[in-house]
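Protein chains: 2
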Amino acid sequence: MVSSKDVAKHAGVSQTTVSRVLNTPNLVKKPTVDKVMAAIEELHYIPNAHARSLVQNKTNTIALLSGPLHNPFFVDTTAAIVNYANSKGYRVHVQFVNDEKLNEAYTSVVENKVDGVVMSCILLDDPIFEKFEKMDIPFITYNRKHINNKHFVEIDNFQAGILSARHMLELGHKQIAWIGGPSTVSTFKNRYDGFVEGMNTQDLASQYVIQTNTSKQAVKEAFEKLMQLPTPPTAICAATDAIALQTIDEATKAGYRVPADISVVGIDNVDLSKHGSIELTTVGSISEQNLGFLAINELIEMIENKKNSCVKITESVKVFNRKTTKAYQ
Amino acid sequence: MVSSKDVAKHAGVSQTTVSRVLNTPNLVKKPTVDKVMAAIEELHYIPNAHARSLVQNKTNTIALLSGPLHNPFFVDTTAAIVNYANSKGYRVHVQFVNDEKLNEAYTSVVENKVDGVVMSCILLDDPIFEKFEKMDIPFITYNRKHINNKHFVEIDNFQAGILSARHMLELGHKQIAWIGGPSTVSTFKNRYDGFVEGMNTQDLASQYVIQTNTSKQAVKEAFEKLMQLPTPPTAICAATDAIALQTIDEATKAGYRVPADISVVGIDNVDLSKHGSIELTTVGSISEQNLGFLAINELIEMIENKKNSCVKITESVKVFNRKTTKAYQ
DNA sequence: TGCAAAAATGAATACGTAACCATTTTGAAA
DNA sequence: TTTCAAAATGGTTACGTATTCATTTTTGCA
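Chains as they are written, first to last, in my numbering: chain A, 1 to 329; chain B, 330 to 658.
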């Protein structure tokens with residue numbers, strides 16, 4: 001492999017000068033720059049990023065610890081994060097992490113001395129949070145947050161839960177179900193709390209509330225359980241668009257029509273929800289930019305300006321009224 | 330930052346021994362191992378991957394140059410590639426590349442001395458191919474290929490085009506349109522050639538054939554152009570599921586019903602096509618595993634076993650008959 | 001023309017690890 | 001015990017770059 005020493009020899013200068021040509025060319029005489037650049041071209045020299053990282057203690061690399069891509073929310077955010085980071089000159093280590101594997105992800109992050117971490121997959125009181133905090137590397141969470149988080153970007157999950165419930169109530173539904181996820185996750189906890197707040201007490205029944213692990217299988221079972229009830233729900237509030245879409249998939253395949261037989265509303269307003277074949281009614285951020293984009297923006301700001309102040313962004317939400325809910329009759 | 334020298338000092342051994350404890354512990358006496366491990370624990374030492382890469386000339390990193398995630402095909406393949414690579418101990422640099430930015434991607438790959446490259450975004454006769462080839466790093470393409478490719482994984486695109494055309498013919502359609510992409514891309518070229526092969530000459534009319542750049546806007550315009558024809562098509566064969574889904578989205582929003590008013594078939598059989606609200610009829614691989622998975626498997630094989638023989642995998646295809654096509658009447 | 005200041009260049013070193021080679025310690029056979 | 005091979009450990013170096021400090025060359029001005 002061709003190194004800066006090879007270039008130096010070829011151009012008849014020192015390795016130091018080669019380095020200067022690439023980093024501080026204004027300190028080098030024009031003819032020397034030309035000589036060196038010619039050698040670089042000729043030898044197809046490209047600097048070794050690892051050697052540079054070693055001496056500069058800066059890698060131009062960001063770690064993205066995302067949720068799984070079968071959740072369309074993470075499709076949107078991953079695309080936004082990777083593209084923005086790349087446009088700013090950062091490479092992105094992507095991992096699709098489940099809660100158990102967070103420790104491996106942590107090791108990988110430290111080993112590779114990334115300049116920053118943007119992550120979603122963390123529990124409200126995950127003990128690993130402290131390790132990330134102590135790393136002394138800028139990091140930010142999006143969507144989910146930890147109780148002690150100083151840097152996060154989220155939507156107003158509590159309000160989203162309220163709007164979800166109210167939407168169904170306003171449509172005249174009485175049997176309104178909730179399919180959510182574990183309350184160890186900030187998103188699910190706050191959205192559910194909002195849902196409870198938004199419901200009328202007489203309409204809120206425990207048999208209509210199901211906490212799943214958000215897997216395809218679990219959502220399927222949740223839906224079946226609900227529909228086997230003596231008086232099955234006429235409306236389902238899903239904690240996320242991913243759950244809503246799973247639910248609609250199951251419902252459709254079980255012969256129900258959405259929204260004729262059952263109304264479904266999600267939360268997140270993922271891109272896919274706008275598709276003409278889906279037209280998912282959902283609650284989502286008022287802002288055009290997705291949470292991943294906001295998070296990577298803040299993270300790069302933190303990295304480059306070394307600012308250490310808290311970043312706590314909570315986006316306002318509204319209902320996007322599309323075609324998976326209708327009035328109860 | 331805590332280095333192996335710090336650990337060595339703390340444990341009262343040499344740095345060499347610390348390195349051995351981590352890499353070849355069987356060469357170290359048990360009590361010494363324990364002493365060193367204790368020091369590692371105590372200091373929270375994690376080796377610096379860049380320093381290791383520098384001396385070993387191996388980074389345990391793979392570069393993924395994928396197409397954009399708004400194409401569901403790349404959602405499936407990205408998930409498969411990242412997850413499998415991680416499970417094998419490789420980190421993955423992800424980039425969503427368009428054809429113009431391939432040069433930047435190349436530089437990034439060389440700078441970072443990745444162990445291998447898995448990519449989709451290449452043109453049939455892209456001159457950059459030679460540079461990748463000369464890199465002397467294992468690399469493999471999936472989906473698309475270059476004319477000189479020695480390592481690729483694809484579906485039988487020609488046969489897919491044939492099956493797509495035949496499917497519509499068998500349903501009795503006469504006005505059958507093609508919405509594809511630029512023929513500078515192997516996938517589009519071969520699928521279109523297959524489509525032509527599968528059609529009856531009297532049913533193949535040039536006004537029904539449109540090459541787009543596969544952008545949302547371009548597909549929209551293509552669909553509108555087709556439907557403004559004196560005798561608009563009753564069936565559309567889309568070169569990819571992404572185009573098919575875009576087409577259906579446009580059609581739905583323009584007031585057409587699919588398949589009642591117009592039949593649409595895709596190619597790729599992406600996961601999303603199975604969704605109950607979509608049920609896209611499509612042509613796809615007989616095998617369960619997606620192309621990304623096959624590619625990353627082969628790539629890691631190439632990296633670890635240094636095998637250099639050609640890998641040219643072309644998966645057989647079949648029609649997945651779902652609900653976006655129906656008989657012409 | 002001479003001289004100081006500025007500009008340009010080079011030599012040596014550090015970053016943190018693995019690997020190579022040298023040295024010491026151990027243990028088993030004679 | 002003595003001997004010697006095997007096991008265990010340590011000292012030194014290389015990887016490729018940026019940086020620090022030293023040296024040489026050039027420039028501007030008296």
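From the three backbone atoms N, C-alpha and C, an ideal C-beta is built for every residue, glycine too.
- Distance from ALA392(B) to VAL438(B) at the Cβ level is roughly 5 Å; contact confirmed, criterion being Cβ atoms closer than 8 Å.
- Between TYR471(B) and LEU620(B) the beta-carbon gap is near 4 Å, inside 8 Å, which marks them as a contact.
- In the structure shown, GLU315(A) adopts extended strand secondary structure according to DSSP, grouped into three states.
- In the same chain as ASP6(A), and ignoring 5 residues on each side of it, the C-beta atoms closer than 8 Å to its own belong to LEU43 and TYR45, in chain order.
- Per DSSP, GLY266(A) is one residue of the beta strand (DSSP E) stretching across 263-267.
- The closest CA to that of SER512(B), considering only GLY501(B), ARG495(B) and PHE487(B), is found on PHE487(B).
- Assigned with DSSP and collapsed to three states, THR611(B) falls in strand.
- For HIS502(B), the closest Cβ of chain A is not nearer than 8 Å.
- For ALA547(B), same chain residues with a beta-carbon under 7 Å away, outside a window of 5 residues either side, are THR541 in chain order.
- The DSSP assignment places complete alpha helix (DSSP H) segments of no fewer than 4 residues inside the region 527-583 of chain B at 545-556 and 570-582, in order along the chain.
- Look at LYS582(B): its C-beta is under 8 Å from a C-beta on chain A.
- The straight-line gap separating the alpha-carbon atoms of ASN57(A) and ILE243(A) is approximately 42 Å.
- When rounded, the separation of the alpha-carbon atoms in ASP363(B) and VAL342(B) is 12 Å.
- A Cβ-Cβ contact shorter than 8 Å links LEU383(B) with LEU54(A).
- Taking each of ILE162(A), THR234(A) and ALA222(A) in turn and checking the Cα distance to ARG257(A), the smallest one comes out for THR234(A).
- At least one C-beta of chain A is nearer than 8 Å to the C-beta of ARG420(B).
- The residue among ASN148(A), THR78(A) and ARG52(A) with its C-alpha nearest the C-alpha of CYS310(A) is ASN148(A).
- In this structure, the beta-carbon distance from VAL421(B) to SER395(B) does not fall below 8 Å.
- Closest option to PHE622(B), judged by alpha-carbon separation, among HIS399(B), ARG381(B), ILE484(B) and ASN441(B): ILE484(B).
- In terms of Cβ geometry, ALA251(A) and ILE267(A) do not form a close pair [threshold 8 Å].
- Residues of the region 24-58 of chain A with a Cβ closer than 7 Å to any Cβ of chain B, in chain order: ILE46, PRO47, ASN48, ALA49, HIS50, ALA51, SER53 and LEU54.
- Per DSSP, reduced to three states, the secondary structure at SER120(A) is coil, with no helix or strand assignment.
- In the DSSP assignment, VAL33(A) falls within the alpha helix (DSSP H) that extends over 30-43.
- Residue pairing from DSSP places HIS422(B) in a beta bridge opposite HIS93(A) and ALA392(B).
- Taking GLU630(B) as reference, the option from PRO360(B), TYR419(B), VAL331(B) and LYS582(B) with the minimal CA-CA separation is TYR419(B).
- Cβ contact annotation for LEU601(B) (same chain, cutoff 6 Å, sequence separation greater than five): PRO401, in chain order.
- Interface flag for ILE300(A) against chain B is unset, since no Cβ pair is found closer than 8 Å.
- Contact check for LYS474(B) and PHE481(B): beta-carbon distance about 4 Å, within the 8 Å limit, so the pair qualifies.
- Between ASP570(B) and THR516(B), the C-beta spacing is not below 8 Å.
- Around ILE615(B), the same chain offers SER645 and LYS647 as residues with beta carbons nearer than 6 Å, after the five sequence neighbours per side are excluded.
- Classified as exposed, ASP136(A) has fewer than 16 neighbouring CB atoms from the shown chains inside 10 Å of its CB.
- Taking 8 Å as the cut-off between beta carbons, the residues of the region 225-254 of chain A near chain B are LEU245, ILE248, ASP249, GLU250, ALA251, THR252 and LYS253, in sequence order.
- For GLY509(B), the enclosing beta strand (DSSP E) begins and ends at 505-509.
- Here ILE508(B) is not near ALA494(B), since their CB atoms are 8 Å or more apart.
- Of the candidates GLN658(B), ILE491(B), LYS545(B) and LYS549(B), the residue whose Cα lies closest to the Cα of GLY527(B) is ILE491(B).
- Sequence-distant partners of GLY510(B) (beyond 5 residues in either direction) whose C-beta falls short of 8 Å from its own C-beta, in its chain, are THR516, PHE517, GLN540, THR541, ASN542, THR543, ALA568, THR569 and ILE572.
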